[in-house]
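Residue numbers for the sequence shown follow the numbering used here, so the first one is 3 and each next one is one higher. Just so it is clear, CB atoms sit at the ideal spot from N, CA and C, and this is done for glycine as well. As the structure is a prediction and not an experimental result, all values here were calculated from the model. One structure is given below, encoded as structure tokens.
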Amino acid sequence: MDYYIASDTAILKELGERIRKLRLRKNITQEDLAEHTLLAVGTIKSLESGKGKLSTLIAVLRELGALEQLE
3 MDYYIASDTA
13 ILKELGERIR
23 KLRLRKNITQ
33 EDLAEHTLLA
43 VGTIKSLESG
53 KGKLSTLIAV
63 LRELGALEQL
73 E
């Protein structure tokens with residue numbers, strides 16, 4: 003994906019999909035991720051569908067051990 007020409011919505015959806023794939027690779031359910039990040043399951047679902055907040059993204063990446071992917 004060329005992030006410079008992609009719409010904000012497309013980028014958010016791509017990030018959400020990457021989070022979902024990472025979570026599944028680590029064999030973590032949305033419920034478990036929500037519990038460990040102190041977020042609601044609906045918040046995790048929103049993030050994975052491209053509708054999350056930046057603070058939610060950071061909390062989830064921290065729990066998944068993937069903060070370095072922001073570099």
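Between L17 and G52, which are expected to be in contact by the criterion C-beta below 8 angstroms, what is the C-beta distance as a whole number of angstroms? If you number the sequence shown from 1, residue 17 lands on position 15. If you number the sequence shown from 1, residue 52 lands on position 50. Going by Cβ atoms, the distance from L17 to G52 rounds to 7 angstroms, so yes, they are a contact pair.
For K15 and S9, I'd like the C-alpha separation in whole angstroms. Taking the sequence shown and counting its residues from 1, the one referred to as residue 15 is at position 13. Taking the sequence shown and counting its residues from 1, the one referred to as residue 9 is at position 7. Cα to Cα, the separation comes out at about 10 angstroms.
D34 in three-state terms, based on DSSP: Residue numbering aside, residue 34 sits at position 32 when the sequence shown is read from its first letter. Of the three classes helix, strand and coil, the one that applies to D34 here is helix, per DSSP.
Measuring straight from C-alpha to C-alpha, what distance separates K28 and S57? Position 26 of the sequence shown, counted from the start, is the residue given in the question as residue 28. Position 55 of the sequence shown, counted from the start, is the residue given in the question as residue 57. The alpha-carbon atoms of K28 and S57 are separated by roughly 21 angstroms.
Reduced DSSP secondary structure (H/G/I, E/B, other) of S51: Taking the first residue of the sequence shown as 1, we reach residue 51 at position 49. In this structure, S51 counts as coil in the three-state DSSP scheme.
Reduced DSSP secondary structure (H/G/I, E/B, other) of S57: If you number the sequence shown from 1, residue 57 lands on position 55. In this structure, S57 counts as helix in the three-state DSSP scheme.
Local conformation of L41 per DSSP, three classes: Within the sequence shown, residue 41 is the residue found at index 39, counting from 1. Of the three classes helix, strand and coil, the one that applies to L41 here is coil, per DSSP.
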